[in-house]
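For reference, the structure is listed below as structure tokens.
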Amino acid sequence: MGTDSEMLYHICGRIAYPVKPPVGTVRLVFFRSFTILFTLLTLILTYLSLVLQPWKIESVGERALEFGVWQICKFDFDDPPIIQCFTKFYQDAEEDMWFQAFRYMMLTGAIIQLVNLIAMIALTTFKSDKYKKPWPLFSYGFLIAGALSFVALVLFDIEFEFAFAEDARVLMDWTEETDIEEKLGYVYILAWPTVGLVWINSYLCYYTKCIEDNYNERGIHFKLLENRQLRKDHNTGFLENGNENNNGHL
């Protein structure tokens, strides 16, 4: 039992304090660059989940409705095939407060990620290494962005029926008696691991902050040693000059 507790304590300690000195310049540059590239990848996946569809598919035979974040598309695969997309079903719906909350939480999370990425690139590129970057702020930003997306996906899963979109089903000539096949779209499936990547991004920022802290402490340590050595050399030189002057007088 004690061994398990010690192991858990050790794991928690490694998560909270993941970096041990010394930290070299190569390691610092690598993790800064890796964190920025990982942020870019996560942001791309987040924005793809916003602009692509379907999140949900309803179909009867060769006819289907695809639900996206911003529009509903009608697919009729008869000869000739007909594809039409509409935004009015979202704009005119009276009972779609959950959906408005869903998509604006997703959008807010994406905006937070974008702001973080721009700030990361700007501060890393144009600000001197002697200034600490606000990695904790970036970490909290990704934590909030991931939480917003997570709540949005749970809300989508709860309200999966899209009850407010009955007018779209009428457009397809479907009635309450129609046997409609419902299934999740690939974009919805993609959105879940993307939330995980956003939270990983949050920890990456924290990890990079720890690396930067150790690197700065290393720089301060070497600076102190350098100053100490300079003072020592100066004092040694002063004593040697004093001895030479004394010998000259003698």
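For the sequence shown, position 72 matches number 74 in my numbering, and the numbering has no gaps at all.
Note that beta-carbon positions come from the ideal geometry of N, C-alpha and C, so glycine has one too.
Check                                                                                                        : Outcome
Cα-Cα separation between leucine 67 and phenylalanine 32, rounded to whole angstroms                         : 46 Å
For lysine 134, the three-state DSSP class (helix, strand or coil)                                           : coil
Presumed contact (8 Å Cβ cut-off) between lysine 76 and methionine 174, rounded CB distance                  : 7 Å
Where leucine 139 falls, given that 16 or more other Cβ within 10 Å makes a residue buried                   : exposed
Local Cβ density within 10 Å of phenylalanine 36, reported as buried at 16 or more and exposed below that    : exposed
Beta-carbon gap between glutamine 115 and phenylalanine 158 smaller than 9 Å                                 : no
Rounded straight-line distance, which links the Cα of glutamate 214 to that of threonine 126                 : 12 Å
Alanine 193: CB within 8 Å of a non-hydrogen atom of the ligand GTP                                          : Absence of the ligand GTP is noted for the structure shown, with no ligands found whatsoever.
Rounded straight-line distance, which links the Cα of asparagine 216 to that of tyrosine 188                 : 43 Å
When Tyr92, Thr196, Trp100 are compared against isoleucine 160, the one with the closest alpha-carbon        : Trp100
Of the residues Leu54, Thr44, Phe40, Ile74, the one placed nearest arginine 171, counting alpha carbons only : Ile74
Backbone secondary structure at aspartate 78 - three-state DSSP                                              : strand
Rounded straight-line distance, which links the Cα of isoleucine 202 to that of leucine 52                   : 20 Å
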